[in-house]
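Below: one structure, written as structure tokens.
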């Protein structure tokens, strides 16, 4: 330390350290505690109290001037995306739902008519043969015709109605109804007993005449076919009442599959819930969808099925839906179960993901506990 002209002690100059009572000697060792580190940038000079604070914009440094974006001043350089502008407004969805309309892409005329809810594809081909369809002012004579957004389609003198958005319903099917639009034997059908305000729908798979429980309905054939695919891996569960006796050990043998009368059935998950008089209650999960599968397999074990109730189809459950009632499944719920990529392919959504969203795997939701994947011989369900 050294004394100033007033006799007060003062700190030695930066970068030097003198012995007690002496000034800074030439070539003194730098003070590692208070001095700058080797190779460090020089300290910024302190502003004296007497110097006024500079006002106004800071002067640009010499060199190429820095370009500013139109957003927050000085925050983004031009040419670099501003993520704030790519975010959706508060409360707005990132994905716009499809609202329907004319064919948005080239497709067969029968498919366009079916998507508009007029009829099935097979019925559309019959209508074309009957001369009821006109495309761009010309009478159509063959279903081998593709139409697009610019084509004008007229059916029975009326313009083709706008295509409806893809929708899915839960339906509690009662016993004594056939899952078909028309029955040659004249029996009552599922579609004859649906509410009148429901659009034209088709079933996802089928339920037997005497089978009750959950039946999924949709207005889009592509969605129905996709949900019926074995690759989707959705398990169909049933509650079964059967006359007779069976052990859990016998039911466990079905996990390896079984062959009956030359027909190979895949693995079946069956649980013995308990007896009820001369009957037993079982919970059965199918990995296939062959016709009357449950009745035939349990019949092989000496059981006679007297009641068969489907309680779930993949992630969709019957729950407490009253018999004969229909309830629409929320679009967002369906989209979550299918996955974004599949939903977009089926026309459920369009648009782009948020910038910070993780990439979608293009796979449907994995089956839950007890929902195993399997193969199916045909999409007709499951009894």
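In our numbering, the protein residues as written are 1 to 383.
Note that CB positions come from ideal geometry on N, CA and C, so glycine has one too.
Below 8 angstroms on the Cβ atoms is my guess for residue i versus residue j; work out the distance and round it to an integer in Å.
i           : j           : result
residue 219 : residue 166 : 7 angstroms
residue 327 : residue 175 : That belief does not hold up - the Cβ atoms of residue 327 and residue 175 are roughly 20 angstroms apart, past 8 angstroms.
residue 335 : residue 349 : 6 angstroms
Does the separation of the CB atoms of residue i and residue j fall below 9 angstroms?
i           : j           : result
residue 129 : residue 120 : no
residue 214 : residue 321 : yes
residue 303 : residue 266 : no
residue 288 : residue 230 : yes
residue 133 : residue 152 : no
residue 272 : residue 247 : yes
residue 212 : residue 323 : yes
residue 131 : residue 141 : yes
From residue i to residue j, what does the alpha carbon distance come to, in whole angstroms?
i           : j           : result
residue 290 : residue 108 : 31 angstroms
residue 346 : residue 168 : 13 angstroms
residue 292 : residue 192 : 23 angstroms
residue 318 : residue 232 : 19 angstroms
residue 106 : residue 149 : 8 angstroms
residue 208 : residue 145 : 36 angstroms
residue 205 : residue 249 : 31 angstroms
residue 223 : residue 344 : 11 angstroms
residue 276 : residue 122 : 47 angstroms
residue 337 : residue 138 : 43 angstroms
residue 225 : residue 143 : 21 angstroms
residue 187 : residue 305 : 22 angstroms
residue 294 : residue 281 : 13 angstroms
residue 236 : residue 263 : 20 angstroms
residue 270 : residue 285 : 6 angstroms
residue 172 : residue 310 : 9 angstroms
residue 278 : residue 126 : 52 angstroms
residue 180 : residue 196 : 17 angstroms
By Cβ distance, which residues of its chain are closer than 6 angstroms to residue i, with the 5 residues on each side in sequence left out?
i           : result
residue 314 : 234
residue 307 : 241
Chain C beta carbons: is any one of them nearer than 9 angstroms to that of residue i?
i           : result
residue 202 : Absent from the structure: chain C. Only one protein chain is present.
Tell me which same chain residues have a C-beta within less than 8 angstroms of the C-beta of residue i, skipping the five on either side of it?
i           : result
residue 260 : 296, 297, 300
residue 210 : 175, 176, 308
residue 201 : 169, 191, 194, 217, 218, 219
residue 182 : 189
residue 274 : 280, 281
residue 159 : 152, 153
residue 257 : 264, 265, 266, 267, 268
Short of 7 angstroms in beta carbon distance, which residues of its chain neighbour residue i, apart from the five on each side in sequence? Order them along the chain.
i           : result
residue 164 : 100, 117, 199, 219
residue 110 : 121, 124, 125, 143
In the segment 139-171, which residue ranges form an unbroken beta strand (DSSP E) of at least 3 residues, counting only runs that do not cross its ends?
Runs found: 153-155.
Runs of alpha helix (DSSP H) lying entirely within the segment 208-292, each at least 4 residues, in chain order:
221-228, 248-252
For the segment 102-126, list the alpha helix (DSSP H) runs that are entirely contained and at least 4 residues long, ordered along the chain.
109-115
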